[in-house]
Each structure stands twice: as structure tokens, then as C-alpha cells.
Amino acid sequence: MKLMRILVLSCGVVLAISGAVPLLVHILADTKPSIQINFDNTGPRQIEDTTQKAIVRDYSSAWQAMNTALANNNTAPLNQNFVGFALERLTHRVKDQQSTGVKTRLVDHGHKVEAIFYSKDGSAIQLRDIATIETQVLDGDTVIHSDQTQIQYWAVMTSTEDRWKVRVLESSPQ
Amino acid sequence: MRKPMLIVLIAVACWLVPDSARAAELHVPENAIAGQPVSIAVSGEGDAVFYLVGPGQVIKRNVKLGNDVQIKGEELRTAGRWIAIVRSGGSPQSKVFWVKPAQPENLSFLARPSRVPVNQRDAISGTVFVFDKFNNWVLQPTPINFSLSVNGIGISRTVTSRNGVAWIETSSAPREGAAQFVASVGTTSVRRVVQQVASQPCNLRIHLAQHTQDRIIVETDPVRDCTGNAVPDGTIVTFIQTDRRGKSTVDARIKKGIARAELPASDNAMISVAAGDALGNELHVGGGR
Chain A
1 MKLMRILVLS CGVVLAISGA VPLLVHILAD TKPSIQINFD NTGPRQIEDT
51 TQKAIVRDYS SAWQAMNTAL ANNNTAPLNQ NFVGFALERL THRVKDQQST
101 GVKTRLVDHG HKVEAIFYSK DGSAIQLRDI ATIETQVLDG DTVIHSDQTQ
151 IQYWAVMTST EDRWKVRVLE SSPQ
Chain B
1001 MRKPMLIVLI AVACWLVPDS ARAAELHVPE NAIAGQPVSI AVSGEGDAVF
1051 YLVGPGQVIK RNVKLGNDVQ IKGEELRTAG RWIAIVRSGG SPQSKVFWVK
1101 PAQPENLSFL ARPSRVPVNQ RDAISGTVFV FDKFNNWVLQ PTPINFSLSV
1151 NGIGISRTVT SRNGVAWIET SSAPREGAAQ FVASVGTTSV RRVVQQVASQ
1201 PCNLRIHLAQ HTQDRIIVET DPVRDCTGNA VPDGTIVTFI QTDRRGKSTV
1251 DARIKKGIAR AELPASDNAM ISVAAGDALG NELHVGGGR
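Residue numbers (our numbering), protein chains in the order written: chain A, 1 to 174; chain B, 1001 to 1289.
In C-alpha cells, the structure reads:
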């Protein structure tokens, strides 16, 4: 009888964990990632305080949008946060994912970013980002690849009507 | 009897497990370049599904293990981190590899401002982001040539890009006109036009054009900036007349290069002129005229 209880209890715990883990992953994907940006070594122009705050807010928002788009195969979140080559590239990837049944889950563990270039006219900012990311590739609901590593990203953000948007986003070996 | 059998079974299992793990092994390219075909060796036997997940592209296809998977150049256009995955009967195998950008061929050129007064120090800036023909950002140092000229006369400078960005700052030319601001790499060049316009008026001179019982008409000589460019029509010139009745002010716009003002008649007035930062000569009308 005692063995039966333990067995039922164990099954309950396993069920709870199996339900909670995907939920937690979804919650993480929909949360703004932690972004730390160092603006001390930017040139040739110093970045104004209000612009610094806007860059942190909008770069973080862009990553959240990308994670959501790639996890749900939905291009809608991208338009608010990306323009130009970055938007084209991510939109193409989401469409490829839709047609192949693949999804990508990015569990974002934070970004250490350095602003390295701010154009003289104040219209473009270049960032170098060391992101700690867990990448899971899924075919349907089956995880077919998972890795966690630090990836170096290079980004250009440009000012638009109401916010800064990511115009270029490219990863490169560190 | 059971024990030796068990030992034999465990030994066989140990021998088979690594072999099955090797069933679908991936060999990814070490120096892949965007737009160039690559082959990915997938060892093993039987059928499998092959995936290639890149920054802007995802490929999924059925493959036969043991054959190389051929990836066309057009399927590998985006530079960055790629993941190759093969999924057969056992657990999926995957490998990460990097694709580098191709040769620099595209420039994204930001030139500011579009209109600038002549002879202004460091008034024009140009920023270039370097891309390959697939719009991958080329982070390798690349020499970029900048030139700024009006009617073929101007400056040319080569700047090597740093982390994919090259920029210059330069002064506007002494002569007005549409300056051709060109950034080029290899055979690719991108042109922007910076309209250089006359600067502030300089050396303002006025003279009496008409003096009747009712009115005084004064006008400027052709209004030019300090380097001799005609100040554009529409620029405001202020005429001030001071006499015993007080001060009269007229703001007149330059028309056909000259500003003209009609002031109240006076038998003893001092008329002065100003435009922007420039003050002109003073004119004494009446009295000892």
C-alpha cells in the first residue's frame, strides 16, 4: 500500500515537472532579457543620457521580439523592433521555419553589451554584444538540438520615428 | 552459466552503443563563406532527416546517411552561426559552424547634412557600413575611399573600416554648389549630394537709391558671403533709420541678390544695415548731405 502511494506521488511530481518546464521556458521567452550596456568608450560622439536609456530599452525589446517570433513562428513582433537587413533576414528565417515545421527557442541568460560607435549626426549606434544563450531547435515539439554558449553579436541600431530599431544583427566567432 | 552470459551481453552492448552513436556523425565545414556551396559529410547508414538552421535561412531535407549533403551557395547566403542537425533512428546529432561574409560589395552610406553653408569646419560627415553582396556585414578591415567635390574640385581620403564601420568628417568647400559625396570600395561606389550654399552675408554695403520729399529708398550692393558666393534670395536684411523722431526698422528680403527698403523721408537721418551676424556701413541722409 505504501509503495502504491509513493508510486502515485512520484507520477504526480513527474507530471507537474513536465507541465511546468515548457511553461517556464515560454515565460522566459516572453520576458525581456537582461541587458547591460557600457557607453563609456563610444565614439566619435558621446551618447546622451536619454538616448542611453532608449537604447537599453529598445535593444532589450528587440531581443524579446526575436525570441517570441522564432519560438512561435510569427513575424508580427519583428516589425516593431527591426528594420532593413535585420528585419528581412529574420522574416525570411521565420518563413523558412514555418515551411519546415521547425521552431527555435532562445533561452536568454543575459547580454553584456558595449556601445562602440555613435555617428556624428546621432542617427546610428553600433553595439558589440556578448550574449549567453541557450538555443533549442525543435521539429514540431521534439527538441533536436540544444546548446548553451556565449555568442558574439554585432548590431546597428538606427533612430526611427518613435524608437531605436535594430537594422543589422550578425553573429561572429569571438 | 548466467553470469558469463550477462557479461557477454554487456560487452556486446558496450560495443554497439558507441557504434550506434557514430551512426550519424556530422563533419561540418571549417571555412564556409556566404554564397559558396559546401558539402557536409554525414556518416552512417540508412535514411535520415537533415536540418540546417542559420541566421536567416532554415533547410530541412531527407538524406541518405553515408553520402555528403550538398548545400548550394544560395542556401548559405547569411553569415553567422549555423547549426547542422541530422536525425535518424537514434538521438539527433548536431554541430555548430560559422559562415563568413563574402567580399565587400555593398555600402550603406549615411551622409549628413544634405544642405550646408560653405566654408564650415567639419560640417559634413559620412558614415559607411560595409556589406557583401548578400548584405552580410563585413567586419574585416576594408579600405573605403571617400571623395567630396564640387565641379571636380575637392578632397579624397581613404579610411580603413573598423568593425565594419568607416567614417569621415570634413569641411565644406569655399564655393557653393551641389557637392558630390562619394564612398567607394572596389568597383562599387555610392553617391550622395550635399548642397553647399552661401554662408552668412559679409561686407554689407548700402547706398541711397532715391530720396524724395516723401521717402528714402536705400538698397544694398549685391549681397555675398565672405568667400564671394551670392547669398540666396529670401534672406532677410534689416535696415534701421534713426533720426530726431526715433527709430524706424524695415526687414527686407533679398531679391535678385539685392535687398531694398523704403524708409520715411527725413532731413537728417542715419541709416544702418544688418543681416545675420554682419553689420554694414552707415549712411547719413539729409543735413550736410
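Even for Gly, the Cβ is constructed at its ideal location relative to N, Cα and C.
Out of the options, which one is the CA nearest neighbour of residue i?
| i | options | result |
| --- | --- | --- |
| residue 151 (chain A) | A:60, A:102, A:66 and A:131 | A:131 |
| residue 1169 (chain B) | B:1096, B:1188, B:1089 and B:1148 | B:1148 |
| residue 138 (chain A) | B:1222, B:1248 and B:1053 | B:1053 |
| residue 1246 (chain B) | B:1221, B:1264 and B:1180 | B:1264 |
| residue 1204 (chain B) | B:1182, B:1060 and B:1282 | B:1282 |
| residue 1140 (chain B) | B:1194, B:1254, B:1056 and B:1161 | B:1161 |
| residue 1215 (chain B) | B:1036, B:1286 and B:1192 | B:1286 |
| residue 1255 (chain B) | B:1236, B:1266, B:1271 and B:1270 | B:1236 |
| residue 209 (chain A) | A:116, A:88, A:134 and A:112 | Residue 209 (chain A) lies beyond the residue range present for chain A, which begins at 1 and ends at 174; the question has no answer from this structure. |
| residue 48 (chain A) | A:89, A:63, A:78 and A:115 | A:115 |
| residue 1183 (chain B) | B:1268, B:1107, B:1077 and B:1050 | B:1107 |
Taking the straight line between their C-alpha atoms, what separation do you get for residue i and residue j?
| i | j | result |
| --- | --- | --- |
| residue 1027 (chain B) | residue 1064 (chain B) | 15 Å |
| residue 83 (chain A) | residue 1164 (chain B) | 18 Å |
| residue 1103 (chain B) | residue 126 (chain A) | 21 Å |
| residue 1230 (chain B) | residue 1284 (chain B) | 27 Å |
| residue 76 (chain A) | residue 121 (chain A) | 31 Å |
| residue 46 (chain A) | residue 156 (chain A) | 16 Å |
| residue 1249 (chain B) | residue 1196 (chain B) | 31 Å |
| residue 68 (chain A) | residue 74 (chain A) | 8 Å |
| residue 170 (chain A) | residue 1199 (chain B) | 43 Å |
| residue 52 (chain A) | residue 38 (chain A) | 9 Å |
| residue 129 (chain A) | residue 6 (chain A) | 48 Å |
| residue 54 (chain A) | residue 1242 (chain B) | 54 Å |
| residue 1048 (chain B) | residue 149 (chain A) | 27 Å |
| residue 1221 (chain B) | residue 1274 (chain B) | 13 Å |
| residue 166 (chain A) | residue 80 (chain A) | 10 Å |
| residue 1039 (chain B) | residue 1029 (chain B) | 7 Å |
| residue 136 (chain A) | residue 1069 (chain B) | 23 Å |
| residue 94 (chain A) | residue 1224 (chain B) | 59 Å |
| residue 1022 (chain B) | residue 1087 (chain B) | The pLDDT assigned to residue 1022 (chain B) is 47, lower than 50, so where the model puts this residue is not dependable; a value taken from the coordinates is nonetheless given after this. Near 12 Å, if we compare the C-alpha coordinates of residue 1087 (chain B) and residue 1022 (chain B). |
| residue 33 (chain A) | residue 103 (chain A) | 19 Å |
| residue 1093 (chain B) | residue 1084 (chain B) | 8 Å |
| residue 1143 (chain B) | residue 1185 (chain B) | 7 Å |
| residue 1134 (chain B) | residue 97 (chain A) | 20 Å |
| residue 90 (chain A) | residue 1257 (chain B) | 55 Å |
| residue 1260 (chain B) | residue 1217 (chain B) | 7 Å |
| residue 42 (chain A) | residue 1262 (chain B) | 55 Å |
| residue 1081 (chain B) | residue 117 (chain A) | 24 Å |
For residue i, which residues in chain A fall below 7 Å Cβ to Cβ?
| i | result |
| --- | --- |
| residue 1139 (chain B) | 154 and 172 |
| residue 1079 (chain B) | 170 |
So with CB distances below 8 Å, who are the chain B contacts of residue i?
| i | result |
| --- | --- |
| residue 165 (chain A) | Within chain B, no residue comes near residue 165 (chain A); the closest Cβ sits about 14 Å away, beyond 8 Å. |
| residue 151 (chain A) | 1081 |
Is residue i helix, strand or coil by DSSP?
| i | result |
| --- | --- |
| residue 77 (chain A) | helix |
| residue 1021 (chain B) | Residue placement at residue 1021 (chain B) is flagged as unreliable, the pLDDT there being 42, under the threshold of 50; the coordinate-derived value follows with that caveat. In the structure shown, residue 1021 (chain B) sits in a helix (DSSP, three-state: H, G or I). |
| residue 1119 (chain B) | coil |
| residue 1161 (chain B) | coil |
| residue 53 (chain A) | helix |
| residue 97 (chain A) | helix |
| residue 155 (chain A) | strand |
| residue 45 (chain A) | coil |
| residue 91 (chain A) | helix |
| residue 5 (chain A) | helix |
| residue 1188 (chain B) | strand |
| residue 1057 (chain B) | coil |
| residue 1173 (chain B) | coil |
| residue 1263 (chain B) | strand |
Between residue i and residue j, how many whole angstroms is the CB-CB distance? I'm expecting something under 8 Å.
| i | j | result |
| --- | --- | --- |
| residue 1032 (chain B) | residue 1100 (chain B) | 7 Å |
| residue 1137 (chain B) | residue 168 (chain A) | 5 Å |
| residue 1174 (chain B) | residue 1227 (chain B) | 4 Å |
For a contact defined as C-beta to C-beta under 9 Å, what are the partners of residue i on chain A?
| i | result |
| --- | --- |
| residue 1129 (chain B) | 124, 126, 156, 167 and 168 |
Which chain B residues are close to residue i, counting only those with a beta carbon under 7 Å from its beta carbon?
| i | result |
| --- | --- |
| residue 117 (chain A) | 1165 |
| residue 160 (chain A) | Correct list: empty, because the minimum Cβ distance to chain B is about 14 Å. |
| residue 97 (chain A) | 1058 |
Please list the partners that residue i has in chain A, where partner means a Cβ-to-Cβ separation under 8 Å.
| i | result |
| --- | --- |
| residue 1060 (chain B) | 100, 101, 102 and 139 |
| residue 1092 (chain B) | 144 and 145 |
| residue 1104 (chain B) | Residues of chain A passing the Cβ test: none, with the nearest at roughly 14 Å. |
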